[in-house]
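Peer 1: With full-length UniProt numbering as the guide, the letters of the sequence shown map in order to residues 1 to 307. Got a structure for you, questions after.
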Amino acid sequence: MRKAAAVPLSLLGVGLTGLAYASVVERNAFRLRRFDVPVLPPGRRPVRILHLSDLHLTPGRRMLINWVRSLGELQPDLVVNTGDSIAHPDAVAPLMHALEPLLTRPGLFVYGSNDMYAPRPKNPARYLWRTSKGDHVQKIPSLPWEELGAAMSAEGWLDMNNTTARLKVGDLDVAVGGIHDSHINRDRYDLIAGPAPEEADLRLGVMHSPEPRNMTRFAADGYQLLLAGHTHGGQLCVPFYGALVTNCGIDRARVKGLSRHDSAFLHVSAGLGTSPYAPARFACFPEASLLTLVPRRRNGASTREVR
Numbered sequence: 001m002r003k004a005a006a007v008p009l010s011l012l013g014v015g016l017t018g019l020a021y022a023s024v025v026e027r028n029a030f031r032l033r034r035f036d037v038p039v040l041p042p043g044r045r046p047v048r049i050l051h052l053s054d055l056h057l058t059p060g061r062r063m064l065i066n067w068v069r070s071l072g073e074l075q076p077d078l079v080v081n082t083g084d085s086i087a088h089p090d091a092v093a094p095l096m097h098a099l100e101p102l103l104t105r106p107g108l109f110v111y112g113s114n115d116m117y118a119p120r121p122k123n124p125a126r127y128l129w130r131t132s133k134g135d136h137v138q139k140i141p142s143l144p145w146e147e148l149g150a151a152m153s154a155e156g157w158l159d160m161n162n163t164t165a166r167l168k169v170g171d172l173d174v175a176v177g178g179i180h181d182s183h184i185n186r187d188r189y190d191l192i193a194g195p196a197p198e199e200a201d202l203r204l205g206v207m208h209s210p211e212p213r214n215m216t217r218f219a220a221d222g223y224q225l226l227l228a229g230h231t232h233g234g235q236l237c238v239p240f241y242g243a244l245v246t247n248c249g250i251d252r253a254r255v256k257g258l259s260r261h262d263s264a265f266l267h268v269s270a271g272l273g274t275s276p277y278a279p280a281r282f283a284c285f286p287e288a289s290l291l292t293l294v295p296r297r298r299n300g301a302s303t304r305e306v307r
């Protein structure tokens, strides 16, 4: 009887240890990933894009706030925030404090669903058979998304929700197309549809959720590099297997990191945060990414992650 009871107790101990690791250690073990992307015209100097996503910030997350502030030392040429920045009505001021060292750099942003609708308790296991699309039944946003957008715009960052823009990044002429979050049916690609300016040195597509139907349209319109977040990299992954789910239409193999979609390069950020009601990561460290854009090579060299 004693031996039989010892087995469940040992399994319980392993489970509790794993939960403690996922919620306390890995959730706060922020990492910077670096990639080289051969997308620029020959002869151009490299340009660095810092890609941030999915902070899901609440006012008390001091470790996350301080780590994001440290990224100012990178002095990127452009900062791109692909949404789900806040998760609390009082999080705009802490977010702007976190971003403060980066606000002197050119920046772009789009919204995610959780910039508009406050998170609610949910059964995380449901993601094994469905995505969270349609979960936001609230008709009136419950988070201060307008205050969030106004704060970033006041610092010179461009609001790219269902719009296009042209900006100077270093010595590059960059054409940008962006869409709102497809996860809550606010994406309006038709508003930006059409060939991206061929004369631009870089054509950049920005979105929150990496839905293949939108990525295909971006690539067909000539956008060369697509940036997205939303997936959390799977958040709870299996070692040596990877993500179980993506929470959107993209396949598991491209749930995070750098890949291709048709003619375009695609970078999906695993993000820096989690929902306050699912505060754990396992085999999927929170991350920001520094993408160094370099000239294309005649031999068609592919992307690479820089360790």
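For glycine and all other residues, C-beta sits at the position ideal for the given N, C-alpha and C. Bear in mind that the values here come from a model prediction, so they are computed numbers and not experimental data.
State buried or exposed for E305, treating a residue as buried only when at least 16 other CB atoms are found within 10 Å of its CB.
Peer 2: As a working mapping, residue 305 is identified with position 305 in the sequence shown. With fewer than 16 Cβ atoms within 10 Å of its Cβ, E305 is classed as exposed.
Peer 1: Only counting the same chain, and skipping five residues up and downstream in sequence, which positions put a Cβ closer than 6 Å to that of A283?
Peer 2: In the sequence shown, the residue the question calls residue 283 occupies position 283. For A283, where only same-chain residues beyond five positions count, the Cβ hits under 6 Å are C237 and P239.
Peer 1: Please report the straight-line C-alpha distance between R298 and D84, rounded to a whole angstrom.
Peer 2: By 1-based counting over the sequence shown, the position of residue 298 is 298. By 1-based counting over the sequence shown, the position of residue 84 is 84. If I take the Cα positions, the gap works out to 38 Å.
Peer 1: Could you check the C-alpha separation between I192 and L266 for me, to the nearest Å?
Peer 2: Translated into the one-based positions of the sequence shown, residue 192 becomes position 192. Translated into the one-based positions of the sequence shown, residue 266 becomes position 266. If I take the Cα positions, the gap works out to 19 Å.
Peer 1: Pick helix, strand or coil for S259, following the three-state DSSP scheme.
Peer 2: In the sequence shown, counting from the first residue as 1, residue 259 sits at position 259. S259: strand per DSSP, three-state reduction.
Peer 1: Compute the distance between the beta-carbons of H56 and G273, then report whether it is under 7 Å.
Peer 2: Residue mapping note: residue 56 aligns to position 56 of the sequence shown, counting from 1. Residue mapping note: residue 273 aligns to position 273 of the sequence shown, counting from 1. Contact: yes.
Peer 1: If you draw a straight line from the C-alpha of N185 to the C-alpha of P8, how long is it?
Peer 2: One-based indexing of the sequence shown puts residue 185 at position 185. One-based indexing of the sequence shown puts residue 8 at position 8. Taking the straight line joining both Cα atoms gives about 45 Å.
Peer 1: So, are the CB atoms of Y111 and N161 less than 7 Å apart?
Peer 2: The sequence position of residue 111 within the sequence shown is 111, counting from 1. The sequence position of residue 161 within the sequence shown is 161, counting from 1. Yes, the pair counts as a contact, with Cβ atoms nearer than the cut-off.
Peer 1: On the DSSP letters alone, give me the boundaries of the alpha helix (DSSP H) that R62 sits inside.
Peer 2: Start at 1 with the first residue of the sequence shown, and residue 62 comes out as number 62. Unbroken alpha helix (DSSP H) run through R62: R62 to S70.
Peer 1: Can you say whether Y189 is buried or exposed, counting buried as having 16 or more other CB atoms within 10 angstroms of its CB?
Peer 2: For this step, residue 189 is matched to residue 189 along the sequence shown. Y189 comes out buried.
Peer 1: Exposed or buried, what is D187 when buried is set at 16 or more other beta-carbons lying within 10 Å of its beta-carbon?
Peer 2: If you number the sequence shown from 1, residue 187 lands on position 187. Its Cβ being crowded by 16 or more others within 10 Å, D187 is buried.
Peer 1: According to the neighbour-count rule (16 or more other Cβ atoms, all chains shown, within 10 Å of its Cβ), is E287 buried or exposed?
Peer 2: Taking the sequence shown and counting its residues from 1, one reaches residue 287 at position 287. Result: buried.
Peer 1: Cβ of R34 within 7 Å of Cβ of L290?
Peer 2: Walking along the sequence shown from the start, residue 34 turns up at place 34. Walking along the sequence shown from the start, residue 290 turns up at place 290. Cβ distance < 7 Å, so R34 and L290 count as in contact.
Peer 1: In its own chain, which residues sit with a C-beta less than 7 Å from the C-beta of P279, not counting the 5 before and 5 after it?
Peer 2: Here residue 279 is taken as the residue at index 279 of the sequence shown, counted from 1. So the list reads S23 and R27, once near-sequence residues are dropped.
Peer 1: Hey, would you say A87 sits closer than 7 Å to P295, going by beta carbons?
Peer 2: The residue you call residue 87 lines up with position 87 of the sequence shown. The residue you call residue 295 lines up with position 295 of the sequence shown. No. Outside cutoff.
Peer 1: Let me check understanding here. Comparing Cα to Cα, which of D115, D159 and L158 lies closest to I140?
Peer 2: One-based indexing of the sequence shown puts residue 140 at position 140. The option with the nearest alpha carbon to I140 is D115.
Peer 1: Between the beta-carbon of R105 and the beta-carbon of P59, is there less than 7 Å?
Peer 2: By one-based count along the sequence shown, residue 105 stands at place 105. By one-based count along the sequence shown, residue 59 stands at place 59. It is not a contact, given that the beta carbons lie outside the stated cut-off.
Peer 1: Report back the beta-carbon spacing between V79 and L52 to the nearest angstrom; my notes put them in contact at under 8 Å.
Peer 2: Numbered from 1 along the sequence shown, position 79 holds the residue referred to as residue 79. Numbered from 1 along the sequence shown, position 52 holds the residue referred to as residue 52. Yes, they are in contact, since the Cβ atoms of V79 and L52 sit about 7 Å apart, within 8 Å.
Peer 1: Using the Cα positions of L108 and W157, report the straight-line distance between them to the nearest angstrom.
Peer 2: Working through the sequence shown from its first residue, we reach residue 108 at position 108. Working through the sequence shown from its first residue, we reach residue 157 at position 157. C-alpha separation (whole angstroms): 5 Å.
Peer 1: In chain order, what are the residue ranges of uninterrupted beta strand (DSSP E) at least 3 long that sit wholly in the segment 259-296?
Peer 2: Qualifying beta strand (DSSP E) stretches, in chain order: 264-268 and 287-295.
Peer 1: I184 by DSSP, collapsed to three states: which one?
Peer 2: The sequence position of residue 184 within the sequence shown is 184, counting from 1. DSSP places I184 in helix when its eight states are reduced to three.
Peer 1: Could you tell me whether the segment 160-174 touches the segment 87-102, where touching means 3 or more Cβ pairs closer than 8 Å?
Peer 2: No, they do not touch.
Peer 1: By DSSP, does G233 sit in helix, in strand, or in coil?
Peer 2: By 1-based counting over the sequence shown, the position of residue 233 is 233. Reduced to three states, the DSSP call for G233 is helix.
Peer 1: Name the residue from V174, D36, H208 and V25 whose alpha carbon lies nearest to the alpha carbon of D201.
Peer 2: Within the sequence shown, residue 201 is the residue found at index 201, counting from 1. Taking only the C-alpha atoms, the option nearest D201 is V174.
Peer 1: For S142, which residues of its own chain have a beta-carbon under 8 Å away from its beta-carbon, when the five flanking residues on both sides are left out?
Peer 2: The residue you call residue 142 lines up with position 142 of the sequence shown. Once the five neighbours on either side are set aside, the close Cβ partners of S142 are P89, M116, Y117 and A118.
Peer 1: Taking the continuous beta strand (DSSP E) assigned at T216, which residues delimit it?
Peer 2: The residue given as residue 216 occupies position 216 in the sequence shown. From DSSP, T216 is part of no beta strand (DSSP E) but of the alpha helix (DSSP H) over P212 to A220.
Peer 1: In whole angstroms, give me the CA-to-CA distance for G229 and G43.
Peer 2: As a position in the sequence shown, residue 229 is number 229, starting the count at 1. As a position in the sequence shown, residue 43 is number 43, starting the count at 1. Their Cα atoms are separated by approximately 31 Å.
Peer 1: Here's the rule: buried if 16 or more other CB atoms are within 10 angstroms of the residue's CB, otherwise exposed. What is R45?
Peer 2: As a first step, residue 45 is located in the sequence shown; it is residue number 45 there, counting from the start. The residue in question, R45, is exposed, as its Cβ has fewer than 16 Cβ neighbours within 10 Å.
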